[in-house]
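Working notes, beginning with the structure itself.
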Amino acid sequence: MEISTDLLEKIQGSYKTFSKGQKRIANYVCENYDKAVNLTAAKLGKIVGVSESTVVRFATELGFKGYPQFQAALEEIVKNKLNSIQRISMATNRLDKENILNAVLQSDRDNIKRTKEEISQEEFDRAVDIISAADHIYVAGGRSCEPLSHFLVYYLKYIFPDVRLLDSGSLTESFEDIHRINEKDVIIGITFPRYSVDTVKVIEFSKKRGTKVVALTDSQASPMTKYADCVLYAQSDMVSFADSLVAPLSVINALIAALSIQNEKQVVKTMETLEHIWEEFSVYADKKEDE
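Per this note's numbering, the sequence shown starts with residue 2, numbered consecutively.
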């Protein structure tokens, strides 16, 4: 079953068919999905007064292969539906207040590990080929993803002659920037929960023009996936009201590395020119010479 943020509606639609114990599970999940997402099947059963096996059957009757997949669907709801105030409250309950640094670093490590296990090498290679073959490269990613967009564009400009960062602060200006976009171009869309409506609209517009779309997002639940020719999935997380985008940045680093290798001659030529410019105008500080 495809993980969907419509899980709560599915639970409510199936409510009449549930047993008494399953209805207690349904009530708790619908009212406390931000708490249920962190509960094991055994703990959830204990809270509502049913057995662990009843919780597992509840998940399978909803169409999931097991409780872990059901829990993953709950995680999608949490990422998409919680506002910033609710995120702070949830983070307060999740994080070890005595060692927040370690808890956050461990969470980022887990996100990178999951991304490594789940990302498709075939999709990654396709993304590299699509970007390399494009006449013009556009990058769209607003809100908390804006730093990722700037980082990607900064390095893509060392590899390709025509790379454009779309204005994330103005949807109108973004459409003006891509009014000539066509099937020979590529647009790279970056969005993670909470998904940026403006980014999705720009991607939709580009797709209608026949443009190739490379999406960097977190899951099939992302509204951008239905427009994408190629999707790179990376795990994101919430740390207080801030989004943790360490894993997406790692994927971007991998993209830059692969594109620079595939276009090595062009990159070397560009860097040779730039090194002379940087040296002439003292762009970088030299290391202090030993006295």
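Yeah, the Cβ is synthetic: ideal placement off N, Cα and C, and Gly gets one too.
| Check | Outcome |
| --- | --- |
| Three-state class that DSSP yields for Glu292 in the structure shown | Because the pLDDT at Glu292 is just 48, under 50, the model does not fix this residue reliably, and the value given afterwards should be weighed accordingly. Three-state result, Glu292: coil. |
| CB contact flag (Gly64, Gly142, <8 Å) | no |
| Contact the region 194 to 214 vs the region 52 to 68: 3+ CB pairs below 8 Å | no |
| Presumed contact (8 Å Cβ cut-off) between Phe176 and Phe206, rounded CB distance | 6 Å |
| At least three beta-carbon pairs within less than 8 Å, the region 147 to 167 to the region 257 to 272 | yes |
| Distance CB(Phe282)-CB(Ser237) smaller than 8 Å | no |
| Sub-8 Å separation of Gln72 and Val49 beta-carbons | no |
| Sequence-distant residues of the same chain with beta carbon closer than 7 Å to Val56, five excluded per side | Ile26, Ala42, Leu45, Gly46 and Tyr68 |
| Ser150 versus Ala135, Gly170 and Ala134, residue with shortest Cα-Cα distance | Gly170 |
| Runs of alpha helix (DSSP H) wholly within the region 115 to 197 (minimum 4 residues, chain order) | 122 to 134, 147 to 160 and 172 to 178 |
| Nearest-angstrom beta carbon gap, Val105 and Tyr34 [assumed within contact, 8 Å] | Incorrect: roughly 23 Å between the Cβ atoms, too far for contact. |
| Residue interval of the alpha helix (DSSP H) (run including Val252) | Val247 to Gln263 |
| For Lys213, three-class secondary structure by DSSP | strand |
| Classification of Gln122 by the beta-carbon crowding that lies within 10 angstroms, buried from 16 upward | exposed |
| Among Cys31, Thr226 and Arg110, nearest to Asp7 - alpha-carbon criterion | Cys31 |
| DSSP bridge partner residues for Thr218 (one or two, in chain order) | Tyr234 |
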